[in-house]
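In UniProt numbering, the protein residues as written are 1 to 508. Accompanying notes for the structure given below.
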């Protein structure tokens, strides 16, 4: 515990030395006031007992404008008619889901009015959604909505919030069209019911941006996310977690657009806020580490990716039960990193762990299941088991060709199938799949997107195998040009493109 008296305002007295009044003066006791606030500097597991943790704390000055602004805003957010309601909201805010659920069940049992029941159902829905229990969340939200429709006018902001949260459940279940329908109802009401700089309006824009991001409409996603950020900057203190989320979402769009340096910039802004405003075991902090992992993986820094993934996993282990959906995302990124490092057995193990969770938690046609099938298929290809590889990719296509999902995920599956058939020397079939994938990517991505470079490189390898060296050179040259513009000089992909270019050049 670090206490520097020179950093504390003279108008407050957060502690006092009481050794002169203590029965055992040698203990050098310090008495702190109830409202003293400390920052968590570091948490380390003790070497002697893995059940004990050492927490390093530094005292803060209550006049710290960042701390004061955030504290005041949290007080506003958790305002409610009763102390128990305020307590429940605060528990959700800091990620204490088990305690919050216990409290809300007690409140539900003692609810005496429709308004009370609607509120508790809504909060239980919010809680279940954060726990990844989406069908349960939907049931609670629907119960809340049914009561509100009977008791509130159609333009009520409270009704809008429930529409938005139902949209969130559909989004998490991969039902993007339904999600957009509810999000648009929410936005329509919120724009009329609330002032233009209200945080709830920012959330409405953010939600719609999320849907467009998930279906590959990145320009639209960025448009809505920027509206969200513009309002959030005005409506929230600079260390509010919702502002961090706004930065994080924009970072994710830039990842998908192949702008990895920009993505990292936004992720760093987001993470800085989370570190200030959230407890060290909050799920959003774990999510922030996952974002770094994803970004470093795309940038070709696989060691850094694994390091940040471990940080995320350490937090998740402390707060989530085994089988929580959050682990699936982490396992998936572990799988990608180990695949990039050519440690295929480890990669397969992580992708299979991911699949096991998804198959239990998600509907059978969820787009994330398709992505995981495709990832498993790709590892089987890399391990030389083409029969299994084709089978898993076909499972992926059965979802991707029949439900609303990101077309680029489908393109990835086509490209992976192309790779399988190229390696099996079935060049005509390989070319058919490459062309399907290329068509989608050229329609959806910027001309200099790194994912296009991957496709051009694959096409080059195909033409090289069929001794069409001029075509091979044409495609690999495009890959090299994109790689030189968008990737670091040491990125493994760019190194490989250059090697293929030299190999092709020597054949001409």
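Note that beta-carbon positions come from the ideal geometry of N, C-alpha and C, so glycine has one too. This one's a predicted model, so the numbers in the text were calculated from it and none came from an experiment.
If you run the structure through DSSP and keep just helix, strand and coil, what is residue i?
{"i": "residue 512", "result": "Past the boundaries of the shown model lies residue 512; the chain is included only from 1 to 508, so the question cannot be answered."}
{"i": "residue 497", "result": "helix"}
{"i": "residue 405", "result": "coil"}
{"i": "residue 383", "result": "coil"}
{"i": "residue 155", "result": "coil"}
{"i": "residue 488", "result": "coil"}
{"i": "residue 426", "result": "coil"}
{"i": "residue 504", "result": "helix"}
{"i": "residue 257", "result": "coil"}
{"i": "residue 447", "result": "coil"}
{"i": "residue 283", "result": "helix"}
{"i": "residue 112", "result": "coil"}
{"i": "residue 217", "result": "coil"}
{"i": "residue 239", "result": "coil"}
{"i": "residue 271", "result": "helix"}
{"i": "residue 103", "result": "helix"}
{"i": "residue 119", "result": "helix"}
Do you know offhand how far residue i's Cα is from residue j's?
{"i": "residue 182", "j": "residue 243", "result": "23 Å"}
{"i": "residue 392", "j": "residue 373", "result": "5 Å"}
{"i": "residue 229", "j": "residue 245", "result": "9 Å"}
{"i": "residue 281", "j": "residue 130", "result": "14 Å"}
{"i": "residue 317", "j": "residue 283", "result": "10 Å"}
{"i": "residue 99", "j": "residue 115", "result": "22 Å"}
{"i": "residue 153", "j": "residue 193", "result": "11 Å"}
{"i": "residue 332", "j": "residue 368", "result": "10 Å"}
{"i": "residue 175", "j": "residue 508", "result": "51 Å"}
{"i": "residue 341", "j": "residue 349", "result": "14 Å"}
{"i": "residue 276", "j": "residue 321", "result": "26 Å"}
{"i": "residue 419", "j": "residue 492", "result": "18 Å"}
{"i": "residue 135", "j": "residue 363", "result": "10 Å"}
{"i": "residue 298", "j": "residue 256", "result": "10 Å"}
{"i": "residue 123", "j": "residue 133", "result": "14 Å"}
{"i": "residue 160", "j": "residue 222", "result": "23 Å"}
{"i": "residue 385", "j": "residue 463", "result": "23 Å"}
With distance defined between alpha-carbon atoms, name the residue in the options nearest to residue i.
{"i": "residue 417", "options": "441, 355, 387, 351", "result": "387"}
{"i": "residue 461", "options": "114, 159, 472", "result": "472"}
{"i": "residue 497", "options": "246, 451, 466", "result": "451"}
{"i": "residue 89", "options": "114, 120, 113, 108", "result": "120"}
{"i": "residue 365", "options": "402, 501, 351, 190", "result": "402"}
{"i": "residue 330", "options": "351, 215, 278", "result": "351"}
{"i": "residue 412", "options": "426, 423, 396", "result": "396"}
{"i": "residue 479", "options": "112, 448, 466, 470", "result": "448"}
{"i": "residue 188", "options": "197, 163, 178, 173", "result": "163"}
{"i": "residue 180", "options": "356, 210, 502, 197", "result": "210"}
{"i": "residue 169", "options": "433, 157, 139", "result": "139"}
{"i": "residue 468", "options": "407, 235, 289, 503", "result": "503"}
Within the 9 Å Cβ cut-off, does residue i reach chain B?
{"i": "residue 268", "result": "Of the chains in the structure shown, none is chain B; there is only one protein chain."}
Q) Touch check for the region 142 to 162 and the region 95 to 112: three-plus C-beta pairs under 8 Å? A) Using a C-beta cut-off of 8 Å, the region 142 to 162 makes no contact with the region 95 to 112, since fewer than three inter-stretch Cβ pairs fall below that distance.
Q: Enumerate, from N- to C-terminal direction, the unbroken alpha helix (DSSP H) stretches of 4 or more residues contained entirely within the region 296 to 366.
A: Taking only runs of at least 4 residues, the alpha helix (DSSP H) segments lying wholly in the region 296 to 366 are 302 to 319, 325 to 340, 344 to 361.
Q: Let me know the alpha helix (DSSP H) ranges lying completely inside the region 134 to 214, each 4 residues or longer, listed in chain order.
A: If we require 4 residues or more, the alpha helix (DSSP H) runs fully inside the region 134 to 214 come out as 134 to 151, 157 to 172, 176 to 193, 199 to 214.
Q | the region 223 to 240 in contact with the region 263 to 278 per 3-pair CB rule at 8 Å | A | With a cut-off of 8 Å, the region 263 to 278 and the region 223 to 240 count as touching, because enough Cβ pairs lie within range.
Q.
Check whether the region 202 to 209 and the region 219 to 234 are in contact - that is, three or more C-beta pairs closer than 8 Å.
A. Judged by Cβ distances under 8 Å, the region 202 to 209 makes contact with the region 219 to 234, as three or more pairs qualify.
Q) Along the chain, which unbroken stretches of the alpha helix (DSSP H) at least 4 residues long are found entirely within the UniProt repeat "TPR" (453 to 486)? A) Unbroken alpha helix (DSSP H) runs of no fewer than 4 residues, entirely contained in the UniProt repeat "TPR" (453 to 486), are found at 469 to 486, following chain order.
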